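A.B. asks: Residue numbers (the working numbering), protein chains in the order written: chain L, 1 to 243; chain V, 1001 to 1243.
The following block contains the structure, expressed as structure tokens.
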DNA sequence: CGCAGACTTGAAGATTATCAACCACCGTGG
DNA sequence: CCACGGTGGTTGATAATCTTCAAGTCTGCG
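Right, dumping it as structure tokens:
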């Protein structure tokens, strides 16, 4: 993927990106200057193309849906996460067998890691906070996998996605696009696509939530919360500021 | 837990800790000076005591075994990781319902986060690298949970622990202490303790590995590797240096 | 039209949890 | 010295859950 703009305007867009949802970072003039001087690369990926990150670079999702997955030795696939605006993909750790693929059209900002962690304390703090959040998300998914029954896992997945969307696009959306297949869901939940299908039916028939035609519709949020005890605390963006 | 020494000698011990296994970090005189000036707190925890981290602090395990776990709304427990020398516990993310408990006697170094990420690029790089590794470990555990059969999960857990030990204490140890119960293993693998018991018997009777009397004995490493396709790449300490 | 991918449904089979005992070890206190 | 309780471990029978296998539907698209 070629850069879509020169580094100068990409840096400007990146600064705007950090100041808006979901981060809402308040920058001083000095901090803004530094970010404007960074060698940011803005890219645009077509649907169904691979998003590759070099080992020394990190990547911010600006818009669109992507899927982070990993293939096992036996051929099985594991979906690590459904990525949306605001999510950070670290090149350093996504090595191994993990890879990211654009599902819709995706735009990103890519920055060499030294610029983010070693040049200015502000961006270092941001990185560390976002990596904390990524760890929390991974651990929560692990816990769901470990000790939540499949139906609750599925419900929690949708509640999480909805909450992450609401962080970027203000307001609790009870209806949103979700361009992934039942197979994707199954690989994210450690189930078979067939079983996910049956679980979706249960959710639909119990009037809790429906997922059809690539859109999710939360029909009974209270009921879902009561059933799953979903707590979005692990998704909060706890970005420490200089103050 | 009270600090066991003053900050000055704690900082000195911490610098030695970072220069030794498993990190092997080569510091310049300037970097060493900075680390010696940091307000490090060294602590010692007795077996079966809780290790608490304040939100703004991070913690390095210096010696001993600890267990990071989390309790679910329904009362179930999830073991997130078995912690040993070299592991980083971030206070920021281990909030929520996660907590850490010393299993043996444990010694730690505790540092306020701003000192680690905002005062010097070297420590910021170290933090980011270790958080990358923590994420990789969480994702690998998630993938194991998701798509590996229980017996392989159990085997991989022991291979991972053995590899992490070998990073701190040179040499591939095929026999080591592991002071955790079958219930702990079960909560780490998403199984029941009863089932873990049966799986351990299978491993023992197939002459692959035995875990008895709180010691693990790898009796057929090659066989385990062939069965599980265990690849320790995700455990490597890829700490970027200033060069 | 026909094909491919995604989804749906049913029946059979395998795996793991649950329930219920029981044993072994160890520190405590009579 | 020994009875006792608690924890951890072991084993068997039963039940619930999820996967596998098989078949069929629906949709969009060349």
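C-beta: ideal position from N, C-alpha, C; glycine also.
Quick caveat: nothing in here was measured; it's all calculated off a predicted structure.
Considering only residues of the stretch 1159-1185 of chain V, which uninterrupted beta strand (DSSP E) runs meet the minimum length of 3 residues and lie entirely inside it, listed in chain order?
C.D. replies: List check, beta strand (DSSP E) in window: 1175-1177.
A.B. asks: With a CB to CB cut of under 6 Å and the five nearest residues on each side skipped, what residues in its chain are close to residue 1228 (chain V)?
C.D. replies: Start at 1 with the first residue of the second chain, and residue 1228 (chain V) comes out as number 228. The residues are 1152, 1155 and 1156.
A.B. asks: Which residue from V:1087, V:1240, V:1024 and V:1097 puts its Cα closest to that of residue 1076 (chain V)?
C.D. replies: As a first step, residue 1076 (chain V) must be located in the second chain, where it is residue number 76. Residue 1076 (chain V) has its Cα closest to that of V:1097, out of V:1087, V:1240, V:1024 and V:1097.
A.B. asks: Quick check: what's the CA-CA separation for residue 56 (chain L) versus residue 114 (chain L)?
C.D. replies: As a first step, residue 56 (chain L) must be located in the first chain, where it is residue number 56. As a first step, residue 114 (chain L) must be located in the first chain, where it is residue number 114. Answer to the nearest angstrom: the Cα atoms are 8 Å apart.
A.B. asks: Which of the three DSSP states, helix, strand or coil, is assigned to residue 1100 (chain V)?
C.D. replies: Taking the second chain and counting its residues from 1, the one referred to as residue 1100 (chain V) is at position 100. Three-state DSSP puts residue 1100 (chain V) in a strand.
A.B. asks: Quick one, which of L:146, L:79 and L:61 has its alpha-carbon nearest residue 104 (chain L)'s?
C.D. replies: What you label residue 104 (chain L) is simply residue 104 of the first chain in a count that begins at 1. If we check each option's Cα against that of residue 104 (chain L), L:61 comes out closest.
A.B. asks: Taking 6 Å as the cut-off, is the beta-carbon of residue 1092 (chain V) closer than that to any non-hydrogen atom of the ligand GTP?
C.D. replies: Among the components of this structure there are no ligands whatsoever, and the ligand GTP is therefore not found.
A.B. asks: What residues from chain V crowd round residue 61 (chain L), counting only those whose CB sits closer than 7 Å?
C.D. replies: Locating residue 61 (chain L) in the first chain gives position 61, where the first residue counts as 1. Here the premise fails: no neighbours, minimum Cβ distance about 16 Å.
A.B. asks: Starting from residue 65 (chain L), find everything on chain V with Cβ-Cβ shorter than 8 Å and list it in chain order.
C.D. replies: To locate residue 65 (chain L), count along the first chain from 1; it is residue 65. Within 8 Å Cβ-Cβ: nothing; residue 65 (chain L) doesn't reach chain V, min ~19 Å.
A.B. asks: Please look up how many angstroms separate the CB atoms of residue 1079 (chain V) and residue 1184 (chain V), rounded, as I've assumed it's under 8 Å.
C.D. replies: Taking the second chain and counting its residues from 1, one reaches residue 1079 (chain V) at position 79. Taking the second chain and counting its residues from 1, one reaches residue 1184 (chain V) at position 184. Contact flag correct, Cβ pair sits at about 6 Å.
A.B. asks: Pairing CB atoms from the stretch 1079-1091 of chain V with CB atoms from the stretch 1161-1175 of chain V, are three or more of them under 8 Å?
C.D. replies: A contact exists between the stretch 1079-1091 of chain V and the stretch 1161-1175 of chain V.
A.B. asks: Report the three-state DSSP secondary structure of residue 1002 (chain V) (helix, strand or coil).
C.D. replies: In the second chain, the residue the question calls residue 1002 (chain V) occupies position 2. Three-state DSSP puts residue 1002 (chain V) in coil, outside helix and strand.
A.B. asks: From which residue to which residue does the alpha helix (DSSP H) around residue 1017 (chain V) run?
C.D. replies: To locate residue 1017 (chain V), count along the second chain from 1; it is residue 17. Per DSSP, residue 1017 (chain V) belongs to the alpha helix (DSSP H) from 1007-1019.
A.B. asks: The beta strand (DSSP E) spanning residue 1077 (chain V) covers which residue range?
C.D. replies: Counting from one through the second chain, the residue named residue 1077 (chain V) turns up at place 77. Note, residue 1077 (chain V): beta strand (DSSP E), 1077-1083.
A.B. asks: Looking only at its own chain, which residues have a Cβ that is under 6 Å from the Cβ of residue 44 (chain L), when we skip the five neighbours before and after it?
C.D. replies: Here the question's residue 44 (chain L) lines up with position 44 in the first chain. Cβ neighbours of residue 44 (chain L) beyond the five flanking positions: 4 and 107.
A.B. asks: Which residue spans inside the stretch 109-156 of chain L form an unbroken alpha helix (DSSP H) run of at least 4?
C.D. replies: The qualifying runs are 113-117 and 121-147.
A.B. asks: Mark residue 1020 (chain V) as exposed unless 16 or more other C-beta atoms lie within 10 angstroms of its C-beta, in which case mark it buried.
C.D. replies: What you label residue 1020 (chain V) is simply residue 20 of the second chain in a count that begins at 1. It counts as exposed.
A.B. asks: Name the chain V residues whose beta carbon is nearer than 8 Å to that of residue 131 (chain L)?
C.D. replies: Here residue 131 (chain L) corresponds to residue number 131 of the first chain, with the count starting at 1. Under the 8 Å cutoff, chain V gives 1128, 1131, 1132 and 1135.
A.B. asks: Is there a Cβ of chain L sitting closer than 7 Å to that of residue 1035 (chain V), yes or no?
C.D. replies: Indexing the second chain from 1 puts residue 1035 (chain V) at position 35. Output row for residue 1035 (chain V): interface = no.
A.B. asks: Does residue 1190 (chain V) pass the burial test, meaning 16 or more other C-beta atoms within 10 Å, or should it be called exposed?
C.D. replies: The sequence position of residue 1190 (chain V) within the second chain is 190, counting from 1. Flag for residue 1190 (chain V) reads buried.
A.B. asks: With 9 Å as the limit, tell me which residues of the stretch 90-118 of chain L have their beta carbon closer than that to any beta carbon of chain V; keep them in chain order.
C.D. replies: Cβ contacts with chain V come from 90, 92, 93, 94, 95, 96, 97, 98, 113, 114, 116, 117 and 118.
A.B. asks: Inspect the beta-carbon positions of residue 1135 (chain V) and residue 93 (chain L) and report whether they are closer than 7 Å.
C.D. replies: Locating residue 1135 (chain V) in the second chain gives position 135, counting from the first residue. Locating residue 93 (chain L) in the first chain gives position 93, counting from the first residue. The answer is yes: Cβ separation under 7 Å.
A.B. asks: Any idea what DSSP makes of residue 73 (chain L), helix, strand or coil?
C.D. replies: As a working mapping, residue 73 (chain L) is identified with position 73 in the first chain. In this structure, residue 73 (chain L) counts as coil in the three-state DSSP scheme.
A.B. asks: Any C-beta of chain L sitting closer than 7 Å to the C-beta of residue 1239 (chain V)?
C.D. replies: Position 239 of the second chain, counted from the first residue, corresponds to residue 1239 (chain V). So, not an interface residue.
A.B. asks: Does any residue of chain V have a CB that is nearer than 7 Å to the CB of residue 71 (chain L)?
C.D. replies: Position 71 of the first chain, counted from the start, is the residue given in the question as residue 71 (chain L). By this cut-off, residue 71 (chain L) is not an interface position.
A.B. asks: Taking the C-alpha atoms as reference points, what is the distance between residue 122 (chain L) and residue 1059 (chain V)?
C.D. replies: Sequence index remark: in the first chain, residue 122 (chain L) carries index 122 (1-based). Sequence index remark: in the second chain, residue 1059 (chain V) carries index 59 (1-based). Distance between the alpha carbons of residue 122 (chain L) and residue 1059 (chain V) is about 21 Å.
A.B. asks: Nearest CA to the CA of residue 1172 (chain V): which residue from V:1206, V:1091 and V:1221?
C.D. replies: Here residue 1172 (chain V) refers to the residue found at position 172 of the second chain. For residue 1172 (chain V), the nearest C-alpha among the options comes from V:1221.
A.B. asks: Find out if the Cβ-Cβ distance for the pair residue 1010 (chain V), residue 1053 (chain V) is shorter than 7 Å.
C.D. replies: Taking the first residue of the second chain as position 1, residue 1010 (chain V) is located at position 10. Taking the first residue of the second chain as position 1, residue 1053 (chain V) is located at position 53. Not closer than 7 Å, so no.
A.B. asks: What residues of chain V sit near residue 76 (chain L), judged by a beta carbon separation below 7 Å?
C.D. replies: Here residue 76 (chain L) corresponds to residue number 76 of the first chain, with the count starting at 1. By Cβ distance, chain V contributes 1147.
A.B. asks: When you compare the CB positions of residue 1186 (chain V) and residue 1202 (chain V), do they come within less than 7 Å of one another, or not?
C.D. replies: Position 186 of the second chain holds residue 1186 (chain V). Position 202 of the second chain holds residue 1202 (chain V). Contact: no.
A.B. asks: Can the beta-carbon of residue 142 (chain L) be found closer than 7 Å to that of residue 1142 (chain V)?
C.D. replies: The count along the first chain starts at 1 and reaches residue 142 (chain L) at position 142. The count along the second chain starts at 1 and reaches residue 1142 (chain V) at position 142. Yes; because the gap between Cβ atoms is below 7 Å, this pair is in contact.
A.B. asks: Thinking residue 66 (chain L) and residue 101 (chain L) are a contact (beta carbons under 8 Å), I'd like their distance in whole angstroms, please.
C.D. replies: For this step, residue 66 (chain L) is matched to residue 66 along the first chain. For this step, residue 101 (chain L) is matched to residue 101 along the first chain. Rounded, the Cβ-Cβ distance is 6 Å, consistent with contact.
A.B. asks: Can you tell which of V:1175, V:1181 and V:1237 has the C-alpha that lies nearest to the C-alpha of residue 1210 (chain V)?
C.D. replies: For the purposes of this step, residue 1210 (chain V) is identified with residue 210 of the second chain, where counting begins at 1. With distances taken between Cα atoms, residue 1210 (chain V) lies closest to V:1175.
A.B. asks: Is the Cβ-Cβ distance between residue 131 (chain L) and residue 117 (chain L) less than 7 Å?
C.D. replies: Residue numbering aside, residue 131 (chain L) sits at position 131 when the first chain is read from its first letter. Residue numbering aside, residue 117 (chain L) sits at position 117 when the first chain is read from its first letter. It is not a contact, given that the beta carbons lie outside the stated cut-off.
A.B. asks: Residue 58 (chain L) by DSSP, collapsed to three states: which one?
C.D. replies: The residue you call residue 58 (chain L) lines up with position 58 of the first chain. Three-state result, residue 58 (chain L): strand.
A.B. asks: Per DSSP, what kind of secondary structure is residue 215 (chain L) in: helix, strand or coil?
C.D. replies: As a position in the first chain, residue 215 (chain L) is number 215, starting the count at 1. Strand.
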